[in-house]
Amino acid sequence: DLVYLIRVVVGDALPYPKVTPEAATYTVDNGVISVDGPTMGAAYVVVRGEVEPRLLAENMDIKYGFDGTNTNILVYSFSTEGFTGDFLEVDGEVLNIELAAYDGAPINATNVPANYELFQNAPNPFNPTTTISFALPQAGDYTLTIYNITGQIVDEFSGTADAGTVEVEWDASKLASGVYFYRLTSGNFTATKKAVLLK
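Using this note's numbering, read the sequence shown as starting at 59 and increasing by one per residue.
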């Protein structure tokens, strides 16, 4: 308030200490963006391409524009009500989300995938290393098994990870060129994709 600010200026009081940003998680499920954590006052969202976002939070306002490559979206409220839960729907790949509390303080946002997913390795074809990524909607154990064309196991990675996207780098420098398959198992989820090693 104004009286406290004046006291700080004249040296009668110390300024408020810097606040450590709060934490929140968000998910993007079939284009619906949802946030779970402290009450949000604003969200800045970047979506690949030109899209027309749909606001789902009733007590919020929205402004957006296309910069020639991406659509930049600002969802905000001048009231202290804020929002949690589903707040925005977009058609397109969400590239970035930044969140702030109703007082403007930044909120550390972590993306939690809505579903298990095994992504295509990149690069593919590769020589001799490639990155295999997968999404875990909850913390848990995983096993990533790599097979040659005859079904023989040639490499295996396993561990425990928090909810989010996990990246594993596979070095196939000791293997021959050819087609390989990689299978992710986590909980009841299993998926397989193909990788091509070209030397």
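Using N, Cα and C, we set each Cβ at its ideal position, and we do this for glycine too.
A straight-line Cα-Cα distance of about 20 Å links L72 and D161. The distance from the Cβ of N206 to that of Y238 is about 6 Å, consistent with a contact at the 8 Å cut-off. Residue pairing by DSSP places L132 opposite Y102 and K121 in a beta bridge.
Counting every other CB atom within 10 Å of its CB across the protein chains shown gives V109 a total of 16 or more, marking it as buried.
Less than 8 Å divides the Cβ of V105 from the Cβ of I131. Note that the segment 94-103 touches the segment 136-147; at least 3 beta-carbon pairs, one per stretch, sit closer than 8 Å.
The DSSP-derived three-state label of I165 is strand.
Distances from the CA of S235 to each of D229, L255 and T250 were compared; the closest alpha carbon is that of L255. With fewer than three CB-CB distances shorter than 8 Å, the segment 118-128 does not count as touching the segment 185-195. Cβ atoms of Y240 and K251 come within 8 Å of each other, at about 6 Å.
In the DSSP assignment, F184 falls outside any beta strand (DSSP E) and carries neither an H nor an E. Inter-residue distance for P111 and V133 is about 10 Å (C-alpha atoms, whole angstroms). Taking a contact as a CB-CB distance under 8 Å, the pair A167 and A82 counts as one, their CB atoms being some 5 Å apart.
Contact annotation: A158 and P164 have beta-carbon atoms nearer than 8 Å.
When rounded, the separation of the alpha-carbon atoms in S92 and N154 is 14 Å.
Under the three-state reduction of DSSP output, V66 falls in the helix class.
The shortest CA-to-CA distance from S216 to any of D199, E225 and A230 is the one to D199.
Across the set V226, V212 and I211, the C-alpha of V226 shows the shortest separation from the C-alpha of T218.
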